[in-house]
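Number of protein chains: 2
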Amino acid sequence: MTDYVHGYSDQEAARLKDQADTLARLLYGDLRYPPGAEVLEAGCGTGCQTIHLAASNPHTRFTCVDISPASLALARAALQSRGLTNAELLQGDLHRLPDEARRFDHIFVCFVLEHLPDPAAALAALRCVLKPGGSLTVIEGDHGSFYCHPETPRARQTVDCLVRLQAQAGGDACIGRRLYPLLASAGFRQPRVEPRMVYVDGQEPELIEGFSRNTFIAMVRGVREKALARGLMTAEDWDAGIADLERAATPEGTFCYTFFRATALQGE
Amino acid sequence: MTDYVHGYSDQEAARLKDQADTLARLLYGDLRYPPGAEVLEAGCGTGCQTIHLAASNPHTRFTCVDISPASLALARAALQSRGLTNAELLQGDLHRLPDEARRFDHIFVCFVLEHLPDPAAALAALRCVLKPGGSLTVIEGDHGSFYCHPETPRARQTVDCLVRLQAQAGGDACIGRRLYPLLASAGFRQPRVEPRMVYVDGQEPELIEGFSRNTFIAMVRGVREKALARGLMTAEDWDAGIADLERAATPEGTFCYTFFRATALQGE
Numbered sequence: 088m089t090d091y092v093h094g095y096s097d098q099e100a101a102r103l104k105d106q107a108d109t110l111a112r113l114l115y116g117d118l119r120y121p122p123g124a125e126v127l128e129a130g131c132g133t134g135c136q137t138i139h140l141a142a143s144n145p146h147t148r149f150t151c152v153d154i155s156p157a158s159l160a161l162a163r164a165a166l167q168s169r170g171l172t173n174a175e176l177l178q179g180d181l182h183r184l185p186d187e188a189r190r191f192d193h194i195f196v197c198f199v200l201e202h203l204p205d206p207a208a209a210l211a212a213l214r215c216v217l218k219p220g221g222s223l224t225v226i227e228g229d230h231g232s233f234y235c236h237p238e239t240p241r242a243r244q245t246v247d248c249l250v251r252l253q254a255q256a257g258g259d260a261c262i263g264r265r266l267y268p269l270l271a272s273a274g275f276r277q278p279r280v281e282p283r284m285v286y287v288d289g290q291e292p293e294l295i296e297g298f299s300r301n302t303f304i305a306m307v308r309g310v311r312e313k314a315l316a317r318g319l320m321t322a323e324d325w326d327a328g329i330a331d332l333e334r335a336a337t338p339e340g341t342f343c344y345t346f347f348r349a350t351a352l353q354g355e
Numbered sequence: 088m089t090d091y092v093h094g095y096s097d098q099e100a101a102r103l104k105d106q107a108d109t110l111a112r113l114l115y116g117d118l119r120y121p122p123g124a125e126v127l128e129a130g131c132g133t134g135c136q137t138i139h140l141a142a143s144n145p146h147t148r149f150t151c152v153d154i155s156p157a158s159l160a161l162a163r164a165a166l167q168s169r170g171l172t173n174a175e176l177l178q179g180d181l182h183r184l185p186d187e188a189r190r191f192d193h194i195f196v197c198f199v200l201e202h203l204p205d206p207a208a209a210l211a212a213l214r215c216v217l218k219p220g221g222s223l224t225v226i227e228g229d230h231g232s233f234y235c236h237p238e239t240p241r242a243r244q245t246v247d248c249l250v251r252l253q254a255q256a257g258g259d260a261c262i263g264r265r266l267y268p269l270l271a272s273a274g275f276r277q278p279r280v281e282p283r284m285v286y287v288d289g290q291e292p293e294l295i296e297g298f299s300r301n302t303f304i305a306m307v308r309g310v311r312e313k314a315l316a317r318g319l320m321t322a323e324d325w326d327a328g329i330a331d332l333e334r335a336a337t338p339e340g341t342f343c344y345t346f347f348r349a350t351a352l353q354g355e
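Now the structure itself:
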């Protein structure tokens, strides 16, 4: 199992749910699959995206694969509590999918490639289980796209810690900007990348709460112990940096972050 | 006169025109003023925006003010060569507009606040010549919003030179993210800021040329001598950094930059 930079705590599970609820509208709330389609969600984690996809595509069958049994247990509970029965959960490595012969109409991958040491290999593996004419949707963030006002060097350093920890764990927190070349070189056809920028100012109090505080700053906060343990920042600088980030997450500040949503077609 | 970071050379005039042609569509090509309206363009420079505004709003009267007589001469020639007669050019300081009593229906400000030591004071001065019910449109870039793939520290350093030189000249090259609080504190009503992100990948060859190369990299290149003279980078690192930027401005790379377009109403 990859060293998942955000960890697997209860707090992290709560953060993922907050994040998914706010981001569903921005990133995948509009995704509609044809009734009867077979869709693979590769790296479903705790099911934050799964519950939205399954609910808004009730006549589509989702096969959701994740490497972590603990995450799958949470995903199962989330689906059951909502009475969603159109998603099947499977434990497995998305590089070696359980049923190689199975071909999917569509594949959905969200916040997964950023954690993988070789995202190109993962995309190549996924392409093997995609039907001719099938499509792939990939959604990733890019922590290098973050900036805010007011912005201080310490605030930026806390975000850089996340980037460095993810790199140390073999991932790339700035993968959003790389989706086009990754998809093109993995042999997909017609890759189309759409940046979805989240811009938050005093006119958007619900985004200050839902995105800046409960999604972004919460995510940065989550790596505090790891960042300090590895000596990336002192505790004093870290806490001051987080306080600075919080000053930007007020009606007087602004917050900017860009996600990338890519679609591509099976190249065969 | 403010130390205008980009200088006033012929090459710079050509860059501004290339930039304005590509950016007109992205940033202000859709701006339509009511027939008969009196519009102030504050800081019109060489008229790059003026010719687009005047052509697409033929029944609107533009009063275009700039501090530089040399820029105004170029603006005059550009208007004349296109047979545009609905723009009057005036030399003056936008902090002390020639006719204080005159009230405009709308004000347009593009790539100007970034160069001013006190953009809040400029906005306050502009608000004095805006009619009750009138509107202000401000368009600014934000060099801190730039990132690319592949990205190298040297490439980023060249862009940082531009930010530092602009700061040394009393400006703020990262002003885009600050427009909302600036407008709100200057007493304008209902400020609304819309980020307009330019994302360039292999699917957009005309943007690779028109934006990444001829607008952005050309702008960075333009401060080479100043950056070297002030010892911000060595010539060797600078040239390598520019070569790195150029590698991102190919079909295998990606380029991201965000402009901010704000509108607000007279607060009185």
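Here the protein sequences line up with chains A and B, keeping their order. In short: position in the first sequence from 1, add 87, done, that's the working numbering. In short: position in the second sequence from 1, add 87, done, that's the working numbering. Every residue gets a Cβ at the ideal spot worked out from N, C-alpha and C, and that includes glycine.
Alpha-carbon to alpha-carbon, G231 (chain A) and Y234 (chain B) | 7 Å
Are the C-beta atoms of V280 (chain B) and some chain A residue less than 8 Å apart?
-> yes
Buried or exposed: which applies to H139 (chain A), given that a residue is buried once 16 or more other Cβ atoms fall within 10 Å of its Cβ?
-> buried
Who does M320 (chain A) pair with in a DSSP beta bridge?
-> Answer is none; M320 (chain A) lacks a bridge partner.
C-alpha gap between G297 (chain A) and L161 (chain B), whole angstroms | 49 Å
List the residues of chain A that M284 (chain B) touches, going by C-beta distances under 8 Å, in chain order.
-> P282, M284, T345
Could you name the residues of the region 322 to 342 of chain B whose beta carbon sits closer than 8 Å to any beta carbon of chain A, in the order they occur along the chain?
-> E339, G340, T341
G276 (chain B) and L352 (chain B) closer than 8 Å at C-beta | Per the sequence shown, the amino acid found at residue 276 (chain B) is Arg instead of Gly. Their beta carbons are under 8 Å apart, which means R276 (chain B) touches L352 (chain B) by this criterion.
Could you give the C-beta distance for L315 (chain A) and A322 (chain A), rounded to a whole number, given that I count them as a contact under 8 Å?
-> 6 Å
Going by alpha carbons, who is nearest to V152 (chain A) out of A:R169, A:H146, A:Q178?
-> A:Q178
DSSP state of R119 (chain A) mapped onto helix, strand, coil = coil
Selection from B:P278, B:Q255, B:N301 that minimises the alpha carbon distance to Q290 (chain A) = B:P278
Note down, in chain order, every chain A residue with its Cβ under 7 Å from the Cβ of A271 (chain B).
-> G289
Taking the alpha-carbon positions, what's the F195 (chain B) to E128 (chain B) distance?
-> 5 Å
Across which residues does DSSP place Q178 (chain A) in a beta bridge pair?
-> A:D153
Could you tell me the distance, in whole angstroms, from the CA atom of C135 (chain A) to the CA atom of R190 (chain A)?
-> 24 Å
Taking only beta carbons into account, state which residues of the region 211 to 244 of chain A come closer than 8 Å to chain B, listed in chain order.
-> D229, G231, S232, Y234, C235, H236, E238
Three or more beta-carbon pairs under 8 Å between the region 246 to 257 of chain B and the region 215 to 223 of chain B, yes or no?
-> no
What residues in the region 93 to 125 of chain A have a beta carbon less than 9 Å from any beta carbon of chain B?
-> none
How about Q255 (chain B) and D324 (chain B): do their beta carbons lie closer than 8 Å?
-> no
Just the Cα atoms here: how many angstroms apart are T89 (chain B) and E238 (chain A)?
-> Residue confidence is low: T89 (chain B) scores 49 on pLDDT, short of 50, so the model does not pin down where it sits. Its coordinate-derived value is still stated next. Whole-angstrom Cα-Cα distance: 25 Å.
Looking at the structure shown, is I194 (chain B) part of a helix, part of a strand, or coil, going by DSSP?
-> strand
Note the first and the last residue of the continuous beta strand (DSSP E) segment covering S222 (chain A).
-> 217 to 227
Beta-carbon proximity check, L113 (chain B) vs L210 (chain B), cutoff 8 Å | no
Taking the alpha-carbon positions, what's the L294 (chain B) to Y286 (chain B) distance?
-> 9 Å
In chain B, what lies closer than 9 Å to R265 (chain A) by C-beta?
-> H236, P237, T341
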